[in-house]
Amino acid sequence: MKLNIAVLPGDGIGPEVTAQAVKVLKAIAMEFNHVFTFKTAIVGASAIEKTGVPLPEETISTCDKADAILFGAIGNPKYDDPSVDVRPEQGLLGLRKTFDLHTNIRPVIAYEDLLNKSSLKVKQIKGTNILIYRELTSGIYFGDKHYSDTEASDVCKYTRKEIERIAHQAFKAAQGRKKKLTLVDKANVLASSRLWRKVVKEIATEYPDVTLECRYIDNVAMALIINPRQFDVILTENMFGDILSEEASVIVGSIGLLASASIGDNHVMFEPIHGAYTKATNKGIANPIASILSAAMLLDHFGLYDEASLVREGVDKALKLHITTPDLNTKYDNISTTKVGDFIEDFIHNPDETNLN
Ligand code: IPM
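Counting from 1, one number per residue, gives the positions in the sequence shown under full-length UniProt numbering.
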């Protein structure tokens, strides 16, 4: 298969982790005779520094022509001042909006080999396997905004169509899993949540084999870390999905492990859920696994299931052998970002022989 991949490393640790994912994709291309071409473009703070804007036209054009976008991370504390108008995050939000990447999928899996890395109890998290469907192009992130020194507002608006398209995807995903869908909202307070409930309940009649439960965000925020195994597919709006998926990373042991796919009707993007972690830049301590697993989701998206499985086996083996960066590692203290990437690359070339050396 031929794939043109736009690579947007972004800021902070983004370039380091993305380089490992590209390395892994190149190894896959070699072993399975695919032709993957990579074109790098700038986004976020690094784009602001070079061009004055977080999402330059050239980057949009590179992504538009690509079959898939591989995104790293963005952000820089330099732009934290609330009076700043141009911010790195606008680059990521701009990409999501420009390419209408409405459906964000975030798997949360408690790896057997990492159960004791979580701050939660092993017996609570063992066996967790959740798929979070987060709406990505609407809601409070994109509603009308107003800011002054005395008053500020963000409007949370959803249309029926925006809810329907992600809901169908989430129900279909549940059909292929444990057939349970949890809609997370705040329907006791928010009008937008009441529309979500109404629309999702209507759509549920088309998927009679899936059990739908509707729950409030405050309750799910608690339940997620008390008994995460009760969840199968979680469907939710933009901001609740952002918060819940970051909370869910506690189950897995590190936010450096959580990957995501952002799916639109004509474009797709794959990105780790973590941010730019500026303090760790170029120290070799950033965990590349979320980026590598995002690359595996890219392969899955194009139907390259054997290839994606091989990448995941490589990740599993790295975790089993403690070939992990310091956020997870207890056994060795000097495993760098690059070393993790190299190990998984070697595994792809020689699955039966790769060991730590
Ligand atoms: C994420 C991030 C982004 C978000 C930020 C960087 C804008 O937290 O992808 O989860 O809030 O969506």
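A virtual CB, placed ideally from N, CA and C, is assigned to each residue, including glycine.
On a predicted model such as this, the values are computed, not experimentally measured, just so you know.
Residues near G139 by beta carbon distance below 8 Å, same chain, minus five either side = C156, K157, Y158, S192, E237, N238, M239
query = Touch check for the segment 308-324 and the segment 334-353: three-plus C-beta pairs under 8 Å?
reply = yes
inquiry  = Following a CB-centred definition, is L93 positioned closer than 7 Å to any heavy atom of the ligand IPM?
reply    = L93 Cβ: within cutoff of the ligand IPM.
ask   = Taking contact to mean at least 3 C-beta pairs separated by less than 8 Å, is the segment 260-277 in contact with the segment 86-105?
value = yes
request  = May I have the straight-line CA-CA distance separating V199 from G284, to the nearest angstrom?
outcome  = 46 Å
request  = Would you mind sorting M30 into buried or exposed? The rule is 16 or more other CB atoms within 10 Å of its CB.
outcome  = exposed
ask   = Would you say I5 and F32 are within 8 Å of each other, going by their C-beta atoms?
value = no
task = Taking S118 and V250 to be in contact with their CB atoms under 8 Å, please state how far apart those CB atoms are, rounded to whole angstroms.
result = Between the beta-carbon of S118 and that of V250 there is about 6 Å, and that keeps the pair under the 8 Å contact cut.
key: H349: first and last residue of the uninterrupted alpha helix (DSSP H) it sits in   = 337-349
inquiry  = Here's the rule I'm using: 16 or more other beta-carbon atoms within 10 Å means buried, otherwise exposed. How should P9 be labelled?
reply    = buried
request  = Flag G52 as yes when its Cβ comes closer than 7 Å to any non-hydrogen atom of the ligand IPM, and as no otherwise.
outcome  = no
ask   = How about P272 and S245: are their beta carbons less than 8 Å apart?
value = no
query = Roughly how many whole angstroms lie between the Cα atoms of V17 and P326?
reply = Our two residues, V17 and P326, have alpha carbons roughly 14 Å apart in a direct line.
query = Would you call the segment 108-128 and the segment 64-71 in contact, with 3 or more CB pairs under 8 Å?
reply = no
ask   = Where A204 and K179 are concerned, what is the direct C-alpha to C-alpha distance, given to the nearest angstrom?
value = 11 Å
key: 4 or more residues per run - each alpha helix (DSSP H) lying fully within the segment 277-327   = 289-301, 305-320
query = Leaving out the 5 sequence neighbours to the left and right, which residues in its chain are closer than 8 Å to T211 when beta-carbon positions are compared?
reply = K179, K180, L181
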